[in-house]
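Here the structure comes first, spelled out in C-alpha cells, and everything after it is commentary.
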Amino acid sequence: MTTSRITRRAALRRLGSATLAAPFVFRHYATAAPSETLRHASFGASGMAGADIGSLTASKHVKLVAVAEVDLSRTAEVRKRFPDVKVYQDWRELLDKEKGLDSVNVSTPDHMHAPITMRALQQGLHVYTQKPLTQTVYEARQLALAARGGKLVTQMGIQIHSAAEHREVVATIQAGTIGKVKEVYSWSGKDWGEGEKHRRPDRKDEVPSTLNWDFWIGVAAERPFLGRGYYHPGNWRKRLDFGTGTFGDMGCHILDPVFSSLALTAPTSVRSEGGAPNDDSWGLEGEVKYVFPATKYTTQTLALTWYHGNRRPPAAVQKRVGGKVPLQGSIYLGTEGVLYSPYVAMPVLLPAEKFKGRKPLNPGPEDHYRQFVEACRGNGKTSTPFAYAGALTESVLLGCLATRFPRTTLEWDAAGLKVTNLKEANRFVRRTYRKGWQVEGL
Numbered sequence: 011m012t013t014s015r016i017t018r019r020a021a022l023r024r025l026g027s028a029t030l031a032a033p034f035v036f037r038h039y040a041t042a043a044p045s046e047t048l049r050h051a052s053f054g055a056s057g058m059a060g061a062d063i064g065s066l067t068a069s070k071h072v073k074l075v076a077v078a079e080v081d082l083s084r085t086a087e088v089r090k091r092f093p094d095v096k097v098y099q100d101w102r103e104l105l106d107k108e109k110g111l112d113s114v115n116v117s118t119p120d121h122m123h124a125p126i127t128m129r130a131l132q133q134g135l136h137v138y139t140q141k142p143l144t145q146t147v148y149e150a151r152q153l154a155l156a157a158r159g160g161k162l163v164t165q166m167g168i169q170i171h172s173a174a175e176h177r178e179v180v181a182t183i184q185a186g187t188i189g190k191v192k193e194v195y196s197w198s199g200k201d202w203g204e205g206e207k208h209r210r211p212d213r214k215d216e217v218p219s220t221l222n223w224d225f226w227i228g229v230a231a232e233r234p235f236l237g238r239g240y241y242h243p244g245n246w247r248k249r250l251d252f253g254t255g256t257f258g259d260m261g262c263h264i265l266d267p268v269f270s271s272l273a274l275t276a277p278t279s280v281r282s283e284g285g286a287p288n289d290d291s292w293g294l295e296g297e298v299k300y301v302f303p304a305t306k307y308t309t310q311t312l313a314l315t316w317y318h319g320n321r322r323p324p325a326a327v328q329k330r331v332g333g334k335v336p337l338q339g340s341i342y343l344g345t346e347g348v349l350y351s352p353y354v355a356m357p358v359l360l361p362a363e364k365f366k367g368r369k370p371l372n373p374g375p376e377d378h379y380r381q382f383v384e385a386c387r388g389n390g391k392t393s394t395p396f397a398y399a400g401a402l403t404e405s406v407l408l409g410c411l412a413t414r415f416p417r418t419t420l421e422w423d424a425a426g427l428k429v430t431n432l433k434e435a436n437r438f439v440r441r442t443y444r445k446g447w448q449v450e451g452l
C-alpha cells in the first residue's frame with residue numbers, strides 16, 4: 011500500500027472553503043446588519059493569525075475592529091484588508107480600551123495563549139484560541155475551569171477536527187468497525203526541536219524598530235533578542251520557554267481524532283523513550299508511551315505511543331498497513347481489525363479482504379470557524395470547547411513534560427494535577443510568570 015505524503019499545508023488547502031481559508035484569503039458572503047455583527051479582535055496579525063482572521067471574517071456576522079501585534083512589520087496585510095482596524099502592540103491595552111468587543115481569537119506563540127485567553131474570558135468575551143490551548147498543563151486546567159458553565163463560547167483551533175477525514179475516523183471507530191481498540195500508534199515527522207548538543211548563541215542582536223521585544227517575551231523570563239529567526243517569527247516553537255516542540259505543535263491535531271473516537275480521559279502514566287530537551291530547546295526525536303484507562307471503545311486499558319522527528323512505529327506495526335508510513339498519521343489496532351489514518355486522508359480499514367465492499371459512513375465536513383461564529387450568535391455549539399480541548403491539551407503537554415525525564419515512568423494523578431512518583435517533575439506542571447505580567451487565575 012502506498013500513501014502520498016500529506017503536509018499540514020496541503021491538508022489546509024484540501025479542506026478548502028468547507029472548513030477554513032488559507033492565510034489572508036479573505037472572503038465575504040454579504041454585509042450583516044449592525045445588530046447581527048460580532049465585534050471581533052485578533053491577537054496576532056499574520057501567519058496563523060492571518061488565516062484565523064480570514065476564516066472568521068468570512069462570515070457576514072463578524073467585523074474585525076482591532077488587532078494586537080507586537081511586530082508592526084507584520085500588520086501591512088491586515089491594515090490593507092481592513093482599513094478601519096485599530097492596531098495595538100500591547101494586548102493588554104487592547105483589552106483595556108476596546109470595551110465593545112464580543113469575541114476574539116488568540117493566535118500568538120504558545121506561551122501567550124493562556125494569559126490572553128484568561129483575560130478575555132474574564133472580560134466576558136467568546137474566545138477562539140489556537141492549539142495547543144496553553145503551554146503548561148496547569149494553564150490548560152485553569153482555562154477549562156474558567157470556561158465552565160457554558161455562558162461563553164470557546165473553541166480551540168484544531169480546525170481539522172471538523173474535516174471529513176477526521177470525522178470519518180471518529181464515526182468508524184465508534185461504530186465498532188474494528189472492535190475494541192487496544193493500541194494506537196501516532197506520529198509526526200516534523201522537527202520543531204534541536205539536537206542535544208545545541209546551545210543558545212551567546213550574543214545580543216539589535217531589536218528591529220518595528221518589534222517590541224518586551225511585549226514579545228511577555229510572561230517568559232527576560233533575555234536578549236537574537237536575530238536571524240532564532241525566536242521570531244517562527245522558531246519559537248523549538249524553544250522551551252515559548253513553544254512546545256513538535257509534540258505540542260502537532261499532537262493536538264493528530265491525537266484529536268484518537269481522543270474523540272475513543273472518548274479518552276486522562277492518562278494514568280506516561281513514559282518517554284526519546285531524546286530529552288537541552289537547557290534551551292525541545293528535543294528532535296520523540297517516543298512517548300501513555301497508558302489510558304478503559305472506555306466503551308477500548309480494551310481494559312489503552313496503550314498509546316507517540317513518535318516525532320525521525321522515529322516511527324515498529325516495523326511490525328508498519329507492515330500491518332502495507333509498509334513504510336507517510337510523514338504523519340495514526341494506526342489503530344482493534345480486536346476485529348486495523349484502522350490506518352494517514353494525516354489528512356480518509357481512513358483505510360485492514361485487512362482489506364475483510365472490509366471489502368464496506369461503505370464509508372460519510373459524516374462529511376463542518377466549518378470549524380463558522381461553527382464558532384454561529385455559537386457566539388446563539389446557534390448551536392462548538393465541537394472543541396475548552397472542556398474538551400483543555401483535557402486533550404493536558405495529555406499532550408504531559409507528554410512534552412515526560413521528555414524531560416527520559417526512560418522514567420511518570421505516574422499521573424489527574425485530579426491532583428501532579429506526578430505522584432517523581433516530585434521533581436511537578437515543577438514543570440506550572441510556570442512562574444514574569445513580574446508585571448501575572449494574570450489572575452494563572
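Following this note's numbering, the numbering of the sequence shown begins with 11 at its first residue and continues without gaps.
Just so you know, even glycine gets a beta-carbon here, dropped at the ideal spot from N, CA and C.
Exposure label - residue i; buried when at least 16 CB within 10 Å
{"i": "Asn115", "result": "buried"}
{"i": "Leu395", "result": "In the sequence under discussion, the amino acid at residue 395 is Pro, which differs from the Leu named in the question. It counts as buried."}
{"i": "Glu434", "result": "exposed"}
{"i": "Ser56", "result": "buried"}
{"i": "Ser219", "result": "exposed"}
{"i": "Thr146", "result": "buried"}
{"i": "Lys141", "result": "buried"}
{"i": "Ser83", "result": "exposed"}
{"i": "Lys334", "result": "exposed"}
{"i": "Ala86", "result": "exposed"}
{"i": "Leu294", "result": "buried"}
{"i": "Val35", "result": "Because the pLDDT of Val35 is 35, which lies under 50, any placement of that residue in the model is unreliable, and the number read from its coordinates should be weighed accordingly. Exposed, since its Cβ has fewer than 16 Cβ neighbours within 10 Å."}
{"i": "Ala174", "result": "buried"}
{"i": "Ala157", "result": "buried"}
{"i": "Pro93", "result": "exposed"}
{"i": "Glu149", "result": "buried"}
{"i": "Asp259", "result": "buried"}
Whole-angstrom distance between residue j and residue i, CA atom to CA atom
{"i": "Leu360", "j": "Ala231", "result": "50 Å"}
{"i": "Glu384", "j": "Gly390", "result": "7 Å"}
{"i": "Pro324", "j": "Ala313", "result": "14 Å"}
{"i": "Thr139", "j": "Pro125", "result": "11 Å"}
{"i": "Ser291", "j": "Gly203", "result": "6 Å"}
{"i": "Ile366", "j": "Leu250", "result": "The sequence as given places Lys at residue 366; Ile does not occur at that position. So the two alpha carbons sit approximately 47 Å from each other."}
{"i": "Leu427", "j": "Gln381", "result": "31 Å"}
{"i": "Asp500", "j": "Val449", "result": "Absent from the structure is residue 500, since the part of the chain shown begins at 11 and ends at 452."}
{"i": "Pro370", "j": "Lys190", "result": "19 Å"}
{"i": "Arg49", "j": "Ala78", "result": "15 Å"}
{"i": "Val331", "j": "Val358", "result": "9 Å"}
{"i": "Pro211", "j": "Asn288", "result": "13 Å"}
{"i": "Val217", "j": "Gln310", "result": "55 Å"}
{"i": "Gly296", "j": "Tyr317", "result": "5 Å"}
{"i": "Asp112", "j": "Leu135", "result": "5 Å"}
{"i": "Gly451", "j": "Met356", "result": "41 Å"}
{"i": "Pro375", "j": "His263", "result": "16 Å"}
{"i": "Trp422", "j": "Phe415", "result": "14 Å"}
{"i": "Thr127", "j": "Arg102", "result": "11 Å"}
{"i": "Pro267", "j": "Val179", "result": "7 Å"}
{"i": "Ala43", "j": "Lys70", "result": "Caution is warranted here: a pLDDT of 48 is assigned to Ala43, below 50, making its placement in the model unreliable, and the coordinate value is therefore given only provisionally. Roughly 9 Å separates the two Cα atoms."}
{"i": "Pro119", "j": "Arg247", "result": "8 Å"}
{"i": "Gln152", "j": "Lys364", "result": "46 Å"}
From the options, residue whose alpha carbon lies closest to that of residue i
{"i": "Val439", "options": "Ala424, Gln448 and Trp447", "result": "Ala424"}
{"i": "Tyr240", "options": "His263, His208, Asp259 and Ser271", "result": "His208"}
{"i": "Arg282", "options": "Val348, Gly409, Asp81 and Ala51", "result": "The question names Arg, but residue 282 in the sequence shown is Ser. When each option's Cα is compared against that of Ser282, the closest is Gly409."}
{"i": "Gly160", "options": "Lys445, Cys386 and Thr419", "result": "Cys386"}
{"i": "Val72", "options": "Trp246, Val95, Ala156 and Gly374", "result": "Val95"}
{"i": "Arg441", "options": "Gly255, Thr144, Lys214 and Pro357", "result": "Thr144"}
{"i": "Phe225", "options": "Thr67, Val137, Gln99 and Tyr443", "result": "Gln99"}
{"i": "Val470", "options": "Asp62, Leu411 and Pro416", "result": "Nothing about residue 470 can be reported from this structure: the residues present for the chain run from 11 to 452 only."}
{"i": "Thr256", "options": "Thr47, Arg321, Leu74 and Pro373", "result": "Arg321"}
{"i": "Gly319", "options": "Ala286, Arg368, Phe53 and Thr403", "result": "Ala286"}
{"i": "Met122", "options": "Glu346, Lys214, Lys329 and Gly54", "result": "Gly54"}
{"i": "Arg238", "options": "Asp259, Lys299, Arg213 and Ser65", "result": "Arg213"}
Bridge partners - residue i, DSSP secondary structure assignment
{"i": "Asn115", "result": "Ser52 and Tyr138"}
{"i": "Arg249", "result": "Ser291"}
{"i": "Phe302", "result": "Leu312"}
{"i": "Ile352", "result": "The sequence given here has Pro at residue 352, not Ile. DSSP lists Gly339 as partners of Pro352."}
{"i": "Ala362", "result": "Its beta-bridge partners do not exist; DSSP assigns none."}
{"i": "Leu74", "result": "His50"}
{"i": "Lys96", "result": "Ala76"}
{"i": "Leu420", "result": "Val280"}
Min CB distance residue i to chain C below 8 Å
{"i": "Ala401", "result": "Going by chain labels, chain C is absent from the structure shown, which holds only one protein chain."}
Any non-hydrogen atom of the ligand ZN closer than 7 Å to residue i Cβ
{"i": "Ser270", "result": "As for the ligand ZN, it is missing from this structure, which has no ligand bound."}
**Message:** When you compare the segment 340-347 with the segment 173-191, are there three or more beta-carbon pairs, one atom per stretch, that lie closer than 8 Å?
**Reply:** yes
**Message:** I'd like to know if the segment 158-165 and the segment 395-408 are in contact, where contact means that at least 3 CB-CB pairs between them fall below 8 Å.
**Reply:** yes
**Request:** For the segment 195-202 and the segment 327-340, state whether three or more C-beta atom pairs, one from each stretch, are separated by less than 8 Å.
**Result:** yes
**Prompt:** Taking three-plus beta-carbon pairs below 8 Å as touching, is the segment 267-275 in contact with the segment 296-311?
**Reply:** yes
**Request:** Count the CB pairs spanning the segment 346-353 and the segment 223-238 that are closer than 8 Å, and state whether there are at least three.
**Result:** no
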